[in-house]
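Peer 1:
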Amino acid sequence: MGNETSGHKKTKPKAQDFYDRIADVHHLAMKVNGYRSSVAKYLKSLDIEIGPDSLVLDAGSGTGIITLAFHATGFKPKRIVALDLSMKSLKVAREEFSKQKRRAKLTELIQSNVLKMPFGNATFDLVLTCGVLEYTPLDEGLNELSRVLKPGGRLVLVPVKPSIVGSVLELLYNFKLHPAEKVRKAASKYFHILDDYEFPITEPIGWSKMIFLLEKK
């Protein structure tokens, strides 16, 4: 597994400081809620080509729940990069990945801002991102995610959906909800919208998240 890399800013951004403080509790909550299995089940249902030369990015990976969901699908890419601003979250993720040799071998952790990712244009075949664009200007975030994707590459976008639970999370986590129609409009500038998926209401993730499956134009 690659080492975490970091910048040298003197003052942490608010989101970074917040997630550095709550990383352990947040990871436990995500595990208990079954987010990993719900996302893994969705990813398994997709007709996507991921092979030994494929590169996958979890942009804003947090403590690695979505990366772990991807590992659970059985896809075998060349490498999956888990990128996040919070070093503490990456530390928790590293501990999770190290529990299985295959995960550790395939996964590289990088500390960086999702708006200024240290990758060349058209690097990745697949990008996953969950609950991240709520912390960024929507167009700017989608533009950067599009930049690092190869033409025809897929973006699995898992936003917080407007709902009672979403509004509570908005207050607790100090982010900004984006209405689904606004996400569709902004995404259509860079992507073809292949699907918008609602999780079953019986799954806890269904109360607060949905999925957009996007293909880079």
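Add 176 to the 1-based position in the sequence shown for the numbering used here, that's all there is to it. Positions of the beta carbon are idealized from the N, C-alpha and C atoms, including for glycine. Please read these numbers as outputs of a predicted model, since none were measured by experiment.
1) By DSSP, does residue 283 sit in helix, in strand, or in coil?
2) Of the choices 347, 338 and 370, whose alpha-carbon is the least far from that of residue 356?
3) Please report the distance separating the alpha-carbon of residue 243 from that of residue 276.
4) Just to confirm the assignment: which complete alpha helix (DSSP H) runs, minimum length 4, are found wholly within the region 366 to 390?
5) Using the three-state DSSP reduction, which class does residue 267 fall into: helix, strand or coil?
6) For residue 283, which residues of its own chain have a beta-carbon under 7 Å away from its beta-carbon, when the five flanking residues on both sides are left out?
7) Taking the C-alpha atoms as reference points, what is the distance between residue 263 and residue 295?
8) Quick one: grab the DSSP three-state call for residue 191.
9) Have a look at residue 224 and residue 269 and give me their C-alpha separation to the nearest angstrom.
10) Once you ignore the five residues that flank residue 210 on each side, which residues in its own chain have a CB closer than 8 Å to its CB?
11) Between 281, 353, 313 and 288, which has its C-alpha nearest residue 341's C-alpha?
Peer 2: According to the structure shown:
1) Along the sequence shown, one-based indexing puts residue 283 at 107. It is a strand residue.
2) Position 180 of the sequence shown holds residue 356. Put simply, of 347, 338 and 370 the residue whose alpha carbon is nearest the alpha carbon of residue 356 is 338.
3) Position 67 of the sequence shown, counting from 1, holds the residue named residue 243. Position 100 of the sequence shown, counting from 1, holds the residue named residue 276. Roughly 13 Å between the two C-alpha positions.
4) Those alpha helix (DSSP H) runs which fall completely within the region 366 to 390 and span 4+ residues do not exist here.
5) For the purposes of this step, residue 267 is taken as residue 91 along the sequence shown, with counting starting at 1. In the structure shown, residue 267 falls within a helical segment according to DSSP collapsed to helix, strand and coil.
6) The residue labelled residue 283 in the question sits at position 107 within the sequence shown. Residues 177, 243, 256, 258 and 273 of the same chain have their beta carbon placed closer than 7 Å to that of residue 283, with the five preceding and five following residues left out of the count.
7) Position 87 of the sequence shown, counted from the first residue, corresponds to residue 263. Position 119 of the sequence shown, counted from the first residue, corresponds to residue 295. Between residue 263 and residue 295, the C-alpha separation is close to 19 Å.
8) Taking the first residue of the sequence shown as 1, we reach residue 191 at position 15. Here DSSP, grouped into helix, strand and coil, assigns residue 191 to helix.
9) As a working note, residue 224 is residue 48 in the sequence shown. As a working note, residue 269 is residue 93 in the sequence shown. Going by the C-alpha atoms only, they are around 25 Å apart.
10) Translated into the one-based positions of the sequence shown, residue 210 becomes position 34. So the list reads 379, 380 and 381, once near-sequence residues are dropped.
11) As a first step, residue 341 is located in the sequence shown; it is residue number 165 there, counting from the start. Nearest in C-alpha terms to residue 341, of all of 281, 353, 313 and 288, is 353.
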